[in-house]
Amino acid sequence: MIVSIEKCHHCGACVGSCPKNAIFLNDLVLVFSDECNRCGRCVKLCPVGAITMEAKK
Amino acid sequence: MRKIEKDIVVVGAGPAGSMTAKHAAKKGARVLMIEKRQEIGSPVRCAEGISKHWVEEVGITVNNKWVAREVRGAKIKSPSGHTFLVDEKNAGNEVGWVVDRVLFDKALAADAARAGTEIMVKTSATSLIWENGKIAGVRAQTYGEPIEIRAKCVVGADGYESQVGRWAGIDTSLKADDIDTCYQYRLTGIDYDPDYCEFTLGSAAPGGYVWIFPKDEDTANVGIGVQLSKVKHPADPKMYLDKFIAKRPGLKKGQPLEAVAGAVSICAPLDSVSMDNLVLVGDAARMIDPITGGGISIGCIAGMCAGKVLAKGVKANDLSMNTLQEYETMWRDRLENKQWRNWMAKEKLTTLSDETLDKIVHTFSQYGVEKLSVQDLLAVIKRHHPELVKEFEELI
Chain L
15 MIVSIEKCHH
25 CGACVGSCPK
35 NAIFLNDLVL
45 VFSDECNRCG
55 RCVKLCPVGA
65 ITMEAKK
Chain U
4 MRKIEKDIVV
14 VGAGPAGSMT
24 AKHAAKKGAR
34 VLMIEKRQEI
44 GSPVRCAEGI
54 SKHWVEEVGI
64 TVNNKWVARE
74 VRGAKIKSPS
84 GHTFLVDEKN
94 AGNEVGWVVD
104 RVLFDKALAA
114 DAARAGTEIM
124 VKTSATSLIW
134 ENGKIAGVRA
144 QTYGEPIEIR
154 AKCVVGADGY
164 ESQVGRWAGI
174 DTSLKADDID
184 TCYQYRLTGI
194 DYDPDYCEFT
204 LGSAAPGGYV
214 WIFPKDEDTA
224 NVGIGVQLSK
234 VKHPADPKMY
244 LDKFIAKRPG
254 LKKGQPLEAV
264 AGAVSICAPL
274 DSVSMDNLVL
284 VGDAARMIDP
294 ITGGGISIGC
304 IAGMCAGKVL
314 AKGVKANDLS
324 MNTLQEYETM
334 WRDRLENKQW
344 RNWMAKEKLT
354 TLSDETLDKI
364 VHTFSQYGVE
374 KLSVQDLLAV
384 IKRHHPELVK
394 EFEELI
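Order-wise, the sequence lines are chains L and U.
Every position in the first sequence, counted from 1, becomes a number in our numbering once 14 is added.
Every position in the second sequence, counted from 1, becomes a number in our numbering once 3 is added.
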């Protein structure tokens with residue numbers, strides 16, 4: 015997952031909505047853990063569109 | 004590693020946390036409340052509207068420092084512009100204030116401190132301490148230093164993104180239908196009616212609404228909530244809000260002082276918000292009115308219930324479910340029914356077309372409503388548009 019620090023408001027909306035509890039807000043930086051299964055909920059949830067999914071390798 | 008020992012540790016210094024801390028400390032419990040931010044109440048993630056009727060009950064003294072604006076009522080707007088005016092006559096105590104959360108949260112934390120609560124800012128919980136299969140406190144970082152806070156009971160008041168509940172294994176997961184994704188500007192230099200909170204329903208905010216909550220004569224919180232299941236593209240909430248503002252000349256000329264993002268749960272009451280040596284309160288316990296998205300009043304009431312029960316448990320030296328069951332009973336007696344009812348109403352409301360919403364709001368504005376409750380509102384629709392109410396029948 016790619017987070018745009020220019021767009022991110024550090025609001026924590028994605029943290030509380032992640033079904034796998036795979037997102038953490040460390041100070042002002044969003045971190046995704048290995049638990050992330052790329053379900054894409056956070057991409058839609060982010061009110062400002064700060065999260066995108068990189069293409070699968 | 005530094006160790007601190009207390010009766011109760013409260014994680015999160017929002018309204019629900021402070022209220023729990025205050026009521027527990029008042030009755031003699033040794034309480035520590037930790038807040039991960041450097042400032043209680045900031046940054047604000049809230050539209051800041053509250054009703055008045057519960058404030059006295061939980062022991063909050065009203066102070067003009069945190070009341071930004073007193074409103075006369077609410078305007079509910081349908082997609083095509085019908086307006087249903089809700090005023091003190093039919094909304095009674097539901098009508099209220101727009102507050103300043105930066106100051107409101109501090110006032111509540113100060114009340115907790117006066118009752119004997121110790122507070123640590125810049126301190127975030129990192130995990131639960133388990134001992135012999137029982138919760139025995141939290142590990143935390145304070146100014147970067149790892150510490151252990153040992154307590155007989157942990158209170159998870161850590162908001163929408165709550166970790167405490169998840170660490171404990173309480174299921175707080177949400178369906179996409181039960182999440183609103185939100186965006187808000189504080190706009191200044193606007194032309195609008197600063198005496199009413201305004202709510203616009205329909206496709207301007209799919210599955211949610213657009214709000215205008217007055218802060219002063221020419222400044223308001225203008226925001227939107229969109230149901231996650233109705234989001235089609237990333238950044239939809241901001242896009243819908245910008246579109247709404249662009250269409251209203253009075254708002255369009257405004258300038259933003261602040262932009263706020265966030266999410267709110269709009270789910271049915273959880274099955275359980277407590278276990279041996281741990282309780283959840285407020286947003287962390289998903290205690291939010293599913294119709295309005297408001298959670299301050301419910302969080303404070305639940306916090307008061309929790310605080311009182313925790314104090315009893317400390318005295319009896321028993322913070323197992325033997326004691327904590329009373330918290331479940333108390334908050335459910337007081338709040339559960341309404342959350343259920345409003346969740347069911349939300350499930351229906353979010354399926355209605357713009358045309359139907361127009362009809363409903365028009366009906367209210369024409370015939371008026373005696374009392375502002377889901378039942379009374381439905382009774383009015385039933386009288387004038389029986390065909391619309393079929394799906395809602397079970398709520399009447």
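Where is the CB? At the ideal position from N, CA and C, for every residue including glycine.
Note that this is a predicted model, so its numbers are computed, not measured.
Assigned with DSSP and collapsed to three states, M278 of chain U falls in strand. Between the beta-carbon of M22 of chain U and that of G298 of chain U there is about 12 Å, and that puts the pair past the 8 Å contact cut. Any Cβ of chain U closer than 8 Å to the Cβ of V45 of chain L would place that residue at the interface, and such an atom is absent. Between the stretch 348–367 of chain U and the stretch 321–339 of chain U, the count of Cβ pairs shorter than 8 Å is below three; the stretches do not touch.
Across the structure, S54 of chain U and N135 of chain U are spaced so that their CA atoms are roughly 44 Å apart.
Within 8 Å of the CB of C25 of chain L, the CB atoms of chain U belong to R48, V263, A264, G265, A266, in sequence order along the chain.
Contacts between L59 of chain L and chain U, judged by CB atoms closer than 8 Å, involve I182, T184, L231, V234, A266 in chain order. A Cβ-Cβ separation of about 6 Å places Q230 of chain U in contact with D183 of chain U under the 8 Å criterion. Closest in C-alpha terms to H23 of chain L, from the list U:Y243, U:G265, U:P259, comes U:G265. In the structure shown, the three-state DSSP call for P217 of chain U is strand. The C-alpha of A128 of chain U lies about 30 Å from the C-alpha of T64 of chain U. Each of U:Q342, U:Q41, U:D181, U:T222 was checked against the Cα of G17 of chain U, and the nearest Cα belongs to U:Q41. With at least 16 other beta carbons inside 10 angstroms of its own, Y243 of chain U counts as buried. M4 of chain U carries a coil assignment under DSSP once its states are collapsed to helix, strand and coil. In the DSSP secondary-structure assignment, W170 of chain U is not bridged to any residue.
For E20 of chain L, the closest alpha carbon among the candidates L:V62, L:A27, L:G54, L:D48 is that of L:V62. Taking the C-beta atoms as reference points, A305 of chain U is found no nearer than 8 Å to A287 of chain U. Within the same chain, Cβ atoms closer than 8 Å to the Cβ of Y370 of chain U are found at V383, R386, H387, the five residues on either side in sequence being excluded. For I11 of chain U, the number of other beta carbons within 10 angstroms of its own is at least 16, and it is reported as buried. Not a single C-beta of chain L is nearer than 8 Å to the C-beta of R40 of chain U.
Comparing alpha carbon positions, the residue from U:N345, U:V364, U:S83, U:A115 closest to A77 of chain U is U:V364.
Fewer than three pairs of CB atoms, one per stretch, sit closer than 8 Å, so the stretch 26–39 of chain U makes no contact with the stretch 48–55 of chain L. The DSSP-derived three-state label of M67 of chain L is coil. Partner residues in the beta bridge of C185 of chain U, as assigned by DSSP, are U:G228, U:G265. Beta bridge pairing from DSSP links G140 of chain U with U:I132, U:R153.
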